[in-house]
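The structure appears right after this line, and notes come after that.
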Amino acid sequence: MSVALICVDLQNDFYEDGALPVPGASKINPPINKLLKKDDFKTIVASQDWHPKKHASFASNHNKEPFTPYKGDLEGLGELLWPDHCIQGTEGADFHQDIDTDNFDLIIRKGQDPEVDSYSAFRDNDGTDLGLAAYLKGLDIKKIVLVGLALDVCVFYTALDGIKAGFNVELILEASKGVNAEENDVENAIAKMKEEAVKVKERYI
Ligand code: VGL
Ligand code: ZN
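Using my numbering, the first residue of the sequence shown is number 25, and each one after it goes up by one.
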C-alpha cells in the first residue's frame, strides 16, 4: 500500500522560542527525523503556515489580545485570534533548523489569503482546495502518516480532511504536540480524531 508522510507546520514560530509556542515542540524532532530517513513513504509532504503580515487571524489586526475568541463573522477564520506568527519570508516561518528537510518532496504553503485562515493542509478554512488530495491520489496514496504542530489545530484539521478525502490516516503521538489554548484541547482533539476513524498511535512502529 502506498503511504505518504505529512509533516505539518514544523516552523520556528511553533517551537518553544517562537511567537505561538507549542509546549514540548522540540521533543518531536528526533522521532520525525527518524521517519524522514525511512524508505516507507512514496512521498513526503511538508506544510508551512505562510501568512501575510496583515492576516485576519492575528489579534494585533483587531486590537485584541492573542487567544481571545473572534466574535466577528467567522467566515474563513477560526474561533481564536492568534499572536502574529509565520509571516511570509521571516525566520519564524522557516522550518526548524534541526529538521532534515532534504527529503521533502512537496511543500504546501497555506494561510496566504489575508482574510482567510487555513488550518488544514488540504484546504483553507473557507473550503478553497490546496491541491494536496489530488496530488496524493495521483500517486495512488492510500494511507497518510501525520506528524507535526499543532496537534489540536492544524494537525487535527488535516487529519479530519484526510479522512474526508478517503485516506487511511494515522497520527503519531510522539511526533506531534498541541497548543492547548483552552484546557483539554489536545485530549478533545484526540478523542474526536479517534471517533472519525483516525488511527492514533504512540509511535510509528
Ligand atoms: C496553527 C494556529 C494558527 C498550527 C497555525 O499550525 O497549528 N495554529 N495557525
Ligand atoms: Zn496560522
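A virtual CB, placed ideally from N, CA and C, is assigned to each residue, including glycine.
*Could you pull the start and end residues of the alpha helix (DSSP H) that Gly-186 belongs to?*
Taken as a continuous stretch (DSSP letters only), the alpha helix (DSSP H) holding Gly-186 covers 178-188.
*Indicate whether at least one CB of chain C lies closer than 8 Å to the CB of Lys-225.*
The question asks about chain C, but that chain is absent: this structure has only one protein chain.
*Stretch-stretch touch, CB-based, cutoff 8 Å, three pairs: the stretch 143-153 with the stretch 44-59*: No, the stretch 143-153 does not touch the stretch 44-59.
*Kindly examine the ligand ZN and report whether one of its heavy atoms sits closer than 7 Å to the Cβ of Gly-135.*
Yes.
_N- and C-terminal bounds of the beta strand (DSSP E) containing Leu-130_ = Per DSSP, the unbroken beta strand (DSSP E) holding Leu-130 starts and ends at 130-134.
*Excluding five sequence neighbours on each side, which residues of the same chain lie with their C-beta closer than 6 Å to the C-beta of Pro-54?*
Cβ within range, chain order: n/a, list empty.
*Alpha carbon to alpha carbon, how far is Lys-77 from Asn-87? Give it in angstroms, no decimals.*
C-alpha separation (whole angstroms): 15 Å.
*First and last residue of the uninterrupted alpha helix (DSSP H) at Ala-158*: Its alpha helix (DSSP H) spans residues 156-162.
*Specify whether the stretch 31-49 and the stretch 155-164 touch according to this definition: at least 3 beta carbon pairs, one from each stretch, less than 8 Å apart.*
No: the two stretches stay apart, fewer than three of their Cβ pairs being nearer than 8 Å.
*Enumerated in chain order, which unbroken segments of the beta strand (DSSP E) with a length of 3 residues or greater are wholly contained in the stretch 25-79?*
Whole beta strand (DSSP E) segments, 3+ residues: 27-32, 67-73.
*Does the stretch 168-176 come within contact of the stretch 123-137, defined as at least 3 CB pairs closer than 8 Å?*
Fewer than three beta-carbon pairs drawn from the stretch 168-176 and the stretch 123-137 are found closer than 8 Å, and the two stretches are therefore not classed as touching.
*Closest by CA to Ala-145, which one among Gly-42, Glu-226, Lys-66, Ala-70?*
It is Ala-70.
*Taking C-beta to C-beta, are Glu-90 and Trp-106 nearer than 8 Å?*
Contrary to the premise, residue 90 reads as Pro rather than Glu in this sequence. Cβ atoms of Pro-90 and Trp-106: closer than 8 Å.
*asked:* Here's the rule I'm using: 16 or more other beta-carbon atoms within 10 Å means buried, otherwise exposed. How should Met-25 be labelled?
replied: Answer is exposed; the Cβ neighbour count stays below 16.
*Of all residues in the structure, which have a C-beta closer than 5 Å to any heavy atom of the ligand VGL, taken in chain order?*
Answer in sequence order: Asp-33, Asp-73, Trp-106, Ala-174, Val-177, Cys-178.
*Who are the Cβ neighbours of Lys-225 in its own chain at under 8 Å, not counting the five residues just before and after it?*
The beta carbon of Lys-225 sits closer than 8 Å to those of Glu-194, Leu-195, Ile-196, Leu-197, all from its chain and outside the five residues before and after it, given in chain order.
*Where does Ala-199 sit, in a helix, a strand or coil, going by DSSP?*
Reduced to three states, the DSSP call for Ala-199 is strand.
*C-alpha distance - Leu-44 paired with Ala-183, whole-angstrom precision*: Taking the CA atoms as reference points, Leu-44 sits about 21 Å from Ala-183.
*Can you name, in chain order, every residue of its own chain whose Cβ lies under 8 Å from the Cβ of Asn-15, other than the five neighbours on each side?*
Only positions 25 to 229 of the chain appear in this structure, which leaves residue 15 out of reach.
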